[in-house]
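Presented below is the structure to which this report refers.
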Amino acid sequence: MNPPKWNGRRTIVVLAALAFAAKVVLALYTFGCFDALIWQRDLEALRAHGVPALYRGGATYYSVEDRLLISQPFIHPPFMIHVLHFWDSLSKLTRLPMQFWMRLCCAVADVASLLLLAGILRRARGDKILERLGLVAISPTSILISGFHGNTDPIMMAFVVAAIYSLERFRTPWVAGAALGVALNVKLAALIFVPAIGLSVPGIRRKFEFTGAAAVTFLVGSVPYLFQEPGLILSRMGGYRSFFGWWGLGRLCVTLAHDGGLRAACAEYSTYGRYLVMLLIAATAIGVAWRRKSLPLLLQCGLAAFTFFAITPGFGVQYLAWLVPFTALLPRGRAVIYHLVSGAFLFAYYNRGAQGLPWYFANEVEHPVWYGHVVFLGLLCWLVICAYLVFLARQASNQGAGVGSPTEDSPSRP
């Protein structure tokens, strides 16, 4: 690939700036989704009762009729206690709400992900890389999740992409391990990328270096809270399950499971499906390592992310932020379809939760959203993701070596 022209770079800068501005405006003038309220209640419980009580009781939410609707213990890694204190300090200093600072951090994380992604794809073959990066920059999924939703998924993904970047560009396992350790400190969901990243590190010594850096980073970020109540905190983090029946196979189970046998199978799937997800992700990473295929790490991690969305029993709409960096692996047309479909799904979801425009608070707990066109768009988004998982799997099977992604004109070969 010839060095990119300044005009292409300038276009990406303009698109990224517009997206960043849109996220900041949303963060300033809206409250966000119900997750943002849960974080606020977590902060209030932390101030009032301290860390052990936060992990025991967490956040509660009552309806206007004083009926308990939500009681959720804190399920995040202990590092996020430090982050909550940081956001709280910024809120007191500026008189801007904690939810604004959370979402501003998400917007900054998206910019960091874009810059790191550009570095990863710098030597990729094909003349459409800048177009793909431009689509990532202006992704409606990123704008809605980072600017409105109110959760930490974009921050987690920035550190996952940083881990990929450090291995693809500089071959530094300890830096990759530290970056992945921070991602795990933000959200344990980053575990889905551990098999691909860990097995891509060459040599036993470097694997130990990578693993040690990740473990030390996670433990240092957890000090001192993890060591105050280790059993309680680990059980809360490990016991979290996303909502079943909203997405993909889970939605089909809820819709189609009329007889007892199918209902029983769906119940087993809702309980043990997450272990199946991790098993398939790990098996894919092991298969790549066993066959000694020199697949780009971005592609391996993209396979892990798309596999998760294809078969996961649990789901939260903010998870869709995980896929945004990996849309750079798709040809332009496919990437456009994904961004449009996922953006339409999220818009419909938030719009129903907020009871129409203008948005302020999308209270999907008191205003149910999962019916009608939201279900249709969610299933359409899932089907698109499943189709692109097949595409990426074919791309991986046909690509034996090289860095980056296939060309736009020949997407199935290196």
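In terms of our numbering, the sequence shown is residues 23 to 436. Backbone N, C-alpha and C fix where the C-beta goes; we use that ideal spot for every residue, glycine too.
Here T334 carries a coil assignment [DSSP, helix/strand/coil]. Linking L166 to F240 through their CA atoms gives a straight-line distance of about 29 Å.
The secondary-structure analysis by DSSP pairs I165 with nothing; it has no beta-bridge partner. For the 9 Å CB-CB criterion, A75 and I60 do not form a contact. Judged by pairs of C-beta atoms under 8 Å, the segment 202-217 does not touch the segment 360-379, as fewer than three such pairs exist. Counting along the chain, the unbroken alpha helix (DSSP H) around Y410 starts and ends at 395-420. Here I333 is near L271, since their CB atoms are less than 9 Å apart.
Here the C-alpha atom of Y262 lies approximately 43 Å from the C-alpha atom of G30. For Y83, the enclosing beta strand (DSSP E) begins and ends at 81-84.
Taking the Cα positions, V299 is about 6 Å away from F330. The three-state secondary structure of S135, taken from DSSP, is helix. In the structure shown, the three-state DSSP call for S93 is strand. For G54, the three-state secondary structure derived from DSSP is strand.
A straight line joining the alpha-carbon of L126 with that of K45 spans about 8 Å. In the three-state reduction of the DSSP assignment, A279 falls in the coil class.
Between A129 and A49, the gap from beta carbon to beta carbon is short of 9 Å.
Within the same chain, Cβ atoms closer than 8 Å to the Cβ of T163 are found at L342, A343, L345, V346, H361, S364, G365, L368, the five residues on either side in sequence being excluded.
Taking a C-beta distance under 9 Å as the contact criterion, V47 and G169 qualify as a contact pair. In this structure the segment 221-232 touches the segment 295-313; the number of beta carbon pairs closer than 8 Å is three or more.
Counting along the chain, the unbroken alpha helix (DSSP H) around E231 starts and ends at 226-244. By the neighbour-count definition (other C-beta atoms within 10 Å, threshold 16), W312 is an exposed residue. Contact between A180 and S188 is ruled out by a C-beta separation of about 13 Å, above the 8 Å threshold. It is roughly 11 Å from the alpha-carbon of Y393 to the alpha-carbon of A370. Residue range 252-261 is occupied by the alpha helix (DSSP H) that includes P252.
Put simply, of T52, G172, S93, F101 the residue whose alpha carbon is nearest the alpha carbon of V238 is F101.
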